[in-house]
Amino acid sequence: GAVVSQHPSRVICKSGTSVKIECRSLDFQATTMFWYRQFPKQSLMLMATSNEGSKATYEQGVEKDKFLINHASLTLSTLTVTSAHPEDSSFYICSALGHATYEQYFGPGTRLTVT
Amino acid sequence: AQSVTQLDSQVPVFEEAPVELRCNYSSSVSVYLFWYVQYPNQGLQLLLKYLSGSTLVKGINGFEAEFNKSQTSFHLRKPSVHISDTAEYFCAVSVGTDKLIFGTGTRLQVFP
């Protein structure tokens, strides 16, 4: 149980285009999901906390107009990178908070490459 | 605010040897503690967690960790490592259901 999926696993896009990444909790409902960014050989940096039915809470320094987060249902959160640039290339990982376990279940990640 | 320190960026070890990955944290309130493992180009997998109770926590793949409140540490140990344990290991803390604060990670490299 407690499986989280991400789609796509890899995406290459041209500079200036937008890319949407989906995060789904497959066998449980998640009122809270998190989006992280990981640069090569570095730790995970929290970008935002996504709560179902409300606006996401962004960490300091993360542009909310560039990284659009939508959590429209209890099993799906999306991250849209708008007007992507090469410096947005990174590994994006989502997680979903399990109820009563205080544990975040992580997705497999999405490798974004902007050319 | 909370912070996590993993002093060892890399830990090389031979197969079947014991290993300890160090983690220290800083917090003015009680925290929950976690160890995650990440294999190349994959997400994170939970090894073990400490929420309350016994300070010695046993996790998957033969790993265990001990919570030491006085030393604000949560070191990860395994008595005998395998080649397949080669991966990146992250220590993390949270306050309740709040966000996870990660350490910088420790690369465990197991040699035959």
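Which chain is which? The protein sequence lines are L and Y, in order. Heads up: the first sequence begins at 1 in this note's numbering, then just goes up one per residue. Heads up: the second sequence begins at 116 in this note's numbering, then just goes up one per residue. Note that beta-carbon positions come from the ideal geometry of N, C-alpha and C, so glycine has one too.
Close beta carbons around L:SER25, own chain, < 6 Å, minus the five adjacent residues each side = Within the same chain, L:SER25 has close Cβ partners VAL4, THR75, ALA96.
Beta strand (DSSP E) segment containing L:LYS41, residue limits = Counting along the chain, L:LYS41 sits inside no beta strand (DSSP E), nor does DSSP assign it H or E at all.
Members of the region 151-171 of chain Y near chain L, C-beta cut-off 9 Å = Answer in chain order: TYR151, GLN153, ASN156, GLN157, GLY158, LEU159, GLN160, LEU161, LYS164, LEU166.
Mind listing which residues of the region 195-220 of chain Y have their C-beta closer than 9 Å to chain L's C-betas, in chain order?
-> Within the region 195-220 of chain Y, the residues whose Cβ lies closer than 9 Å to some Cβ of chain L are GLU203, PHE205, ALA207, SER209, GLY211, THR212, ASP213, LYS214, LEU215, ILE216, PHE217, GLY218, THR219, GLY220, listed in chain order.
From Y:ILE216 to Y:CYS206, what distance separates their C-alpha atoms?
-> Y:ILE216 and Y:CYS206: Cα-Cα distance of roughly 8 Å.
Report yes if the CB atom of L:GLN6 is closer than 8 Å to the CB atom of L:GLY98, and no otherwise.
-> Cβ atoms of L:GLN6 and L:GLY98: not closer than 8 Å.
Other residues of its chain near L:THR49: CB distance less than 7 Å, five sequence neighbours each side excluded | THR32, PHE34, ALA56, THR57.
Three-state secondary structure assigned by DSSP to L:SER95 | If DSSP states are grouped into helix, strand and coil, L:SER95 belongs with the strands.
Residue-level contact to chain Y via CB, L:GLY61, 8 Å cutoff | Output row for L:GLY61: interface = no.
For L:THR115, go through chain Y and note every residue whose CB falls closer than 9 Å to its CB, in chain order.
-> Result: empty, since nearest Cβ-Cβ is about 19 Å, beyond 9 Å.
Count the other CB atoms, across all protein chains shown, that sit within 10 Å of the CB of L:ASP65; report buried if there are 16 or more and exposed otherwise.
-> It is exposed - the Cβ of L:ASP65 has fewer than 16 other Cβ atoms within 10 Å.
Is it buried or exposed for Y:GLY168, if we count other Cβ within 10 angstroms and need 16 for buried?
-> Label assigned to Y:GLY168: exposed.
According to DSSP, what are the bridge partners of L:HIS85?
-> Answer is none; L:HIS85 lacks a bridge partner.
Measure the alpha-carbon distance for L:VAL11 versus L:ARG37 and round it to whole angstroms.
-> For the pair L:VAL11 and L:ARG37, the Cα-to-Cα distance works out to about 15 Å.
Using a C-beta cutoff of 8 Å, does L:GLY107 count as contacting chain B?
-> Among the protein chains in the structure shown, which are L and Y, there is no chain B.
Assuming Y:VAL126 contacts Y:LEU136 (C-beta within less than 8 Å), just tell me the rounded distance between them.
-> So it is a contact: roughly 6 Å between Cβ atoms.
Listing by chain order, which chain Y residues have their CB less than 9 Å from the CB of L:THR32?
-> Ordered by position in chain Y, the residues that pass the 9 Å Cβ test against L:THR32 are THR212.
Chain-ordered chain Y contacts of L:SER43 [CB-CB under 7 Å] = Simply PHE205, PHE217, GLY218, THR219, GLY220.
Between which two residues does the beta strand (DSSP E) harbouring Y:PHE205 extend?
-> Counting along the chain, the beta strand (DSSP E) containing Y:PHE205 begins and ends at 202-209.
Contacts around Y:THR170, its chain only, beta-carbon distance under 6 Å, and the 5 residues preceding and following it disregarded = These residues qualify, in order along the chain: GLU181, PHE182.
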